[in-house]
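Please read the structure below before turning to the comments.
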Amino acid sequence: GELGGGPTNAAGGVAAPGMTTGGGGGAGGGAPTGNESVSLGTATQTHEVRMPMLLSTFKPATGCTNASDFIVRCFVARLRSGITVVKHGRSRWCKSRLRVLHVHSDGRSLSWKPALGEPSSGKRPPKLDLTTCREVRHAWSPDPDNPMFTGTPILRQKCEAANAHKSFALIFPKRTVDITAVTADQCKVLMEGFSALCFRLHVAQKVAGGDGKSGSNGGGVGEGGNNNEEQSRATASITASNKSDKGISPKFGKKRS
């Protein structure tokens, strides 16, 4: 079934601090209070975990607010087995090809390989750290770098207008990964899954790094004795997920008024 929707029954784990539960959508980014951490740690086991629409380091896709353990674990499991999509190449001469997205054993490194029957370029595909993903953006969502347009430059150039409804991009500091899903439902699942996974990774990194002051491994020493426990809680469900089974088209590129 789809990964989104009504209340989910999370399979264990503890919510990463910084999330709100129920229907709320509070501001994110800051370190949690003691009472907030306790309530979040309990609520995530039986309810949806709602994430704020905008962290200082990450923006989920519009409408994607559920970052429960259940969503993250199901999505990581699917990524481990591989998800076939159309990936649009960055070079203007590179054709859009079927690629199988997959996540490495660390649960945070994204890569891809040619789908069955597709030619191999011989190049080693990049290994992208999802903790550095800044945004999950639908092809119809505004492009902050080009306010009059939506999506990304690559989507506007290579994605056909008829496929814009099932296309999105992962925004990294120095590149984008531009994708057209096989179906609209698959696109929804992918956007919800990447939004939830990246959000949880960002929050866990923020807590482990002492409110953003993370080391090279994304970790760090927290302040005070209780913070070590919070670090463990923040990363518990991510760890559990990692161990589970394996030319511009103005029709959609131009920002709609």
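Every position in the sequence shown, counted from 1, becomes a number in my numbering once 1023 is added. Ideal placement from N, C-alpha and C gives every residue a C-beta, glycine not left out. Computed from a prediction, not measured in an experiment: that's the story for all the values here.
Exposure label - D1168; buried when at least 16 CB within 10 Å:
Translated into the one-based positions of the sequence shown, residue 1168 becomes position 145. Under a 10 Å Cβ-count criterion, D1168 is classified as exposed, with fewer than 16 other Cβ atoms of the shown protein chains found around its own Cβ.
What is the residue span of the beta strand (DSSP E) that E1158 lies within?
Counting from 1 along the sequence shown, the entry for residue 1158 is found at position 135. Counting along the chain, the beta strand (DSSP E) containing E1158 begins and ends at 1158–1161.
Classify R1122 as buried or exposed, calling it buried when 16 or more other Cβ atoms lie within 10 Å of its own Cβ.
The residue labelled residue 1122 in the question sits at position 99 within the sequence shown. The residue is buried, with at least 16 neighbouring Cβ atoms inside 10 Å.
Kindly indicate which three-state DSSP category P1176 falls into: helix, strand or coil?
Counting from 1 along the sequence shown, the entry for residue 1176 is found at position 153. Three-state result, P1176: helix.
Helix or strand or just coil, what does DSSP make of K1146?
As a working mapping, residue 1146 is identified with position 123 in the sequence shown. Coil, per DSSP.
Buried or exposed: E1141, going by 16 or more other Cβ atoms within 10 Å of its Cβ?
Locating residue 1141 in the sequence shown gives position 118, counting from the first residue. So E1141 ends up on the exposed side.
Closest residue to G1130 among L1078, A1100, L1139, R1120 (Cα-Cα distance)
Start at 1 with the first residue of the sequence shown, and residue 1130 comes out as number 107. Selected option, being the one with the closest Cα: A1100.
Euclidean distance between Cα positions of S1062 and V1109
Translated into positions along the sequence shown, residue 1062 becomes position 39. Translated into positions along the sequence shown, residue 1109 becomes position 86. Interpretation of S1062 is limited by its pLDDT of 41, a score under 50 that renders its predicted location unreliable; the figure taken from the coordinates is listed afterwards. Between S1062 and V1109, the C-alpha separation is close to 41 angstroms.
Could you have a look at L1220 and say whether DSSP puts it in helix, strand or coil?
Within the sequence shown, the letter at position 197 stands for residue 1220. L1220 falls in the helix class under three-state DSSP.
Roughly how many angstroms separate the alpha carbons of G1242 and A1185, rounded to a whole number?
By one-based count along the sequence shown, residue 1242 stands at place 219. By one-based count along the sequence shown, residue 1185 stands at place 162. Residue placement at G1242 is flagged as unreliable, the pLDDT there being 34, under the threshold of 50; a coordinate-derived value is accordingly withheld.
I'd like to check one pair, G1105 with H1127: are the Cβ atoms closer than 7 angstroms?
Within the sequence shown, the letter at position 104 stands for residue 1127. Within the sequence shown, the letter at position 82 stands for residue 1105. Result no, Cβ atoms of H1127 and G1105 do not sit closer than 7 angstroms.
Helix, strand or coil, according to DSSP, for R1113 in the structure here?
If you number the sequence shown from 1, residue 1113 lands on position 90. Coil at R1113, not helix or strand.
CB-CB under 6 angstroms to G1046, same chain, minus the five flanking residues each way: which ones, in chain order?
As a position in the sequence shown, residue 1046 is number 23, starting the count at 1. Caution applies to G1046, whose pLDDT of 37 falls short of 50 and renders its modelled position unreliable; the value that the coordinates give is listed next. So the list is empty, once near-sequence residues are dropped.
CB-CB under 7 angstroms to T1283, same chain, minus the five flanking residues each way: which ones, in chain order?
Residue 1283 lies beyond the range of the chain shown here (1024 to 1280); nothing can be said about it.
Rounded to whole angstroms, how far is the Cβ of F998 from the Cβ of A1219, which I believe are closer than 8 angstroms?
The chain is shown only over 1024 to 1280; residue 998 falls outside these bounds and no answer can be derived.
Alpha carbon to alpha carbon, how far is R1147 from R1157? Give it in angstroms, no decimals.
If you number the sequence shown from 1, residue 1157 lands on position 134. If you number the sequence shown from 1, residue 1147 lands on position 124. Distance between R1157 and R1147, taken at the CA atoms: about 24 angstroms.
Nearest-angstrom Cα distance between V1095 and G1145?
Taking the first residue of the sequence shown as 1, we reach residue 1095 at position 72. Taking the first residue of the sequence shown as 1, we reach residue 1145 at position 122. Roughly 32 angstroms between the two C-alpha positions.
R1137 and S1143: beta carbons closer than 7 angstroms?
Looking up residue 1137 in the sequence shown gives position 114. Looking up residue 1143 in the sequence shown gives position 120. A small correction: the amino acid at residue 1137 is Pro; Arg does not occupy that position in the sequence shown. Yes. Within cutoff.
If you drop the 5 nearest sequence neighbours on each side, which residues of the same chain put their C-beta closer than 8 angstroms to that of S1181?
Taking the first residue of the sequence shown as position 1, residue 1181 is located at position 158. It is worth fixing the name first, because residue 1181 is Lys in this sequence and not Ser. Closer than 8 angstroms at the Cβ level, and outside the excluded window around K1181, lie H1111, G1112, S1119, D1201.
So which of R1179, K1197, T1203 has the shortest CA-CA distance to R1190?
Sequence index remark: in the sequence shown, residue 1190 carries index 167 (1-based). According to the sequence as given, residue 1190 is Ser; it is not Arg. When only C-alpha atoms are compared, the closest one is T1203.
Quick check on this structure: which residue in T1155, S1164, G1086 has the alpha carbon closest to the alpha carbon of V1212?
As a working note, residue 1212 is residue 189 in the sequence shown. Among T1155, S1164, G1086, the Cα nearest to that of V1212 belongs to G1086.
Going by beta-carbon coordinates alone, are V1159 and A1084 separated by less than 7 angstroms?
Start at 1 with the first residue of the sequence shown, and residue 1159 comes out as number 136. Start at 1 with the first residue of the sequence shown, and residue 1084 comes out as number 61. The Cβ-Cβ distance between V1159 and A1084 falls below 7 angstroms.
May I have the straight-line CA-CA distance separating T1154 from C1221, to the nearest angstrom?
Within the sequence shown, numbered from 1, the residue matching residue 1154 stands at position 131. Within the sequence shown, numbered from 1, the residue matching residue 1221 stands at position 198. The alpha-carbon atoms of T1154 and C1221 are separated by roughly 6 angstroms.
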